[in-house]
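Take a look at the structure below.
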């Protein structure tokens, strides 16, 4: 009897325990799934431990494309991690110029490393092997930060023949008046704004002056794009003294100019991290310099030296007519692909034996000229431009605009233009051509006589006197003459 009672108790206890386990299991099935997720997407994070994260450690998650749980960083954490990588890389290449990292810089990094831009960036990185050593030497000689070389990429994509919609020219995009102010020469044969060497030294002078004015490299760089006056006004309106604090008060183009510079500095150093492969230059990056003391055609010289004319032209972009206008008094520099010492004899023989060298031609006829200046009127024909007319008479476009009070480059067929030509006695040789005693400057919105006078180191009274101004009021687009100091 006792055995039967014990056996019955054991059966009842076992039955009760099994019932409890089934009840508990059914309750677990009906519980809401707080910590796991069904139908996981690729790289979607699931927290298997707790709804709220006490720390920033990466949780254990499931990826739907794997059978084994593996740690994958969620999108938010991934973005944060990438930002830290970009910032660390910029910090690692920073020297004298601050390379700040923020959302504006990141947006330009994304632009320059985008798939559709990789081909153009590959070409630029290849061209940098030739142009960057030239820029670095110019900035070193001026005791300036070498990383300023990246500005040329933003300005022109390292194209010495680049011309903007407003006339800025060359790898450093100098406007006519600013180029003259900083010592670059433009005449019928040469435009030194396109010369990588001369233009780089002029850029160094400008940026040195801007840095001395503002005491901040990013503000100096901003002024290179929009002018010192706009930077000064932005500082006055915002009360700030650094680029990021005055950014919203600058012209729209300049707001992105400095972030673009920082982004280019990043890309030019870390292009390999973005699968950008440098493209080889289509011209020789190792060159020699030769001084030429007579007028020589690049076309004739390239034939004599068995060099492609296109290569000679890209190495010597400042010669507008592909003519080296050297003289005995002022020989001109000619860049040629590097040659061995034994072949230099062939180079000099080619320069000296060319019988069909170009002779200098001038617009005026010496037999008809008696005065220092000959005044003519030219009636514009259909298809002519100010540039073609200036080249025909051997004058500058800017001079035509000043003589005829033109505020734009647009001209109309039938219109008459005043043209002042130098006489034959005046231009018997290129060296005797007179140099204008004044600069010309086109007034922009916001300019004042004080700002212009400071820019050209002149006085307000001298500008008013030379331009017969009765008041200090200026009109946007008017052209001023400013005495050379």
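Residue numbers (this note's numbering): 103 to 587.
Here a beta-carbon is modelled for each residue, glycine too, at the ideal position from N, C-alpha and C.
Tell me residue i's beta-bridge partners as DSSP assigns them.
i, result
"residue 577", "BP columns for residue 577 are empty, so no partner."
"residue 481", "518"
"residue 434", "394"
"residue 293", "288"
"residue 265", "271"
"residue 427", "397"
"residue 542", "583"
Using DSSP with H/G/I as helix, E/B as strand and the rest coil, what is residue i?
i, result
"residue 277", "coil"
"residue 420", "coil"
"residue 327", "helix"
"residue 318", "coil"
"residue 439", "strand"
"residue 242", "helix"
"residue 403", "helix"
"residue 202", "coil"
"residue 356", "helix"
"residue 409", "coil"
"residue 387", "coil"
"residue 582", "strand"
"residue 560", "coil"
"residue 216", "coil"
"residue 305", "helix"
"residue 333", "helix"
"residue 494", "helix"
"residue 361", "helix"
"residue 547", "coil"
"residue 380", "coil"
"residue 374", "helix"
"residue 344", "coil"
"residue 228", "helix"
"residue 506", "coil"
"residue 159", "Reliability fails at residue 159, whose pLDDT of 42 lies under 50, so the model's placement of it is uncertain and the value that follows must be treated cautiously. Residue 159 falls in the coil class under three-state DSSP."
"residue 260", "coil"
"residue 349", "helix"
"residue 366", "helix"
Count the other C-beta atoms from every protein chain shown that fall within 10 angstroms of the C-beta of residue i, then say buried if there are 16 or more, exposed otherwise.
i, result
"residue 235", "exposed"
"residue 533", "Note that residue 533 scores a pLDDT of 38, beneath 50, so its modelled location is shaky and nothing firm can be said."
"residue 268", "exposed"
"residue 197", "exposed"
"residue 382", "exposed"
"residue 230", "buried"
"residue 398", "buried"
"residue 574", "exposed"
"residue 194", "exposed"
"residue 205", "exposed"
"residue 423", "exposed"
"residue 354", "exposed"
At a Cβ threshold of 8 angstroms, is residue i touching chain B?
i, result
"residue 328", "Absence of chain B from the displayed structure is noted, only one protein chain being present."
Measure from the alpha carbon of residue i to the alpha carbon of each residue in the options, then state which is nearest.
i, options, result
"residue 331", "432, 554 and 564", "554"
"residue 481", "501, 500, 506 and 498", "506"
"residue 487", "478, 502 and 364", "502"
"residue 358", "323, 294 and 277", "323"
"residue 221", "314, 265, 380 and 199", "380"
"residue 274", "410, 299, 290 and 435", "299"
"residue 483", "495, 450, 508 and 518", "518"
"residue 479", "449, 516 and 512", "516"
"residue 237", "225, 250, 226 and 228", "250"
"residue 451", "477, 392, 557 and 240", "392"
"residue 367", "295, 454 and 254", "254"
"residue 256", "289, 361, 294 and 385", "361"
"residue 373", "560, 563, 217 and 439", "217"
"residue 394", "435, 410 and 406", "435"
"residue 494", "335, 522, 514 and 512", "522"
Measure how close the beta-carbons of residue i and residue j come, nearest whole angstrom, since I'm counting them as under 8 angstroms.
i, j, result
"residue 549", "residue 576", "6 angstroms"
"residue 223", "residue 333", "Contact doesn't hold; Cβ gap of about 29 angstroms is too wide."
"residue 303", "residue 421", "At roughly 18 angstroms, the Cβ-Cβ gap does not stay under 8 angstroms, so residue 303 and residue 421 are not in contact."
"residue 581", "residue 547", "Residue 581 to residue 547, Cβ: 15 angstroms. No contact."
"residue 271", "residue 296", "6 angstroms"
Heavy atom of the ligand PLP less than 7 angstroms from the Cβ of residue i, yes or no?
i, result
"residue 579", "Questions concerning the ligand PLP fall outside what the structure shown contains, since it holds no ligand whatsoever."
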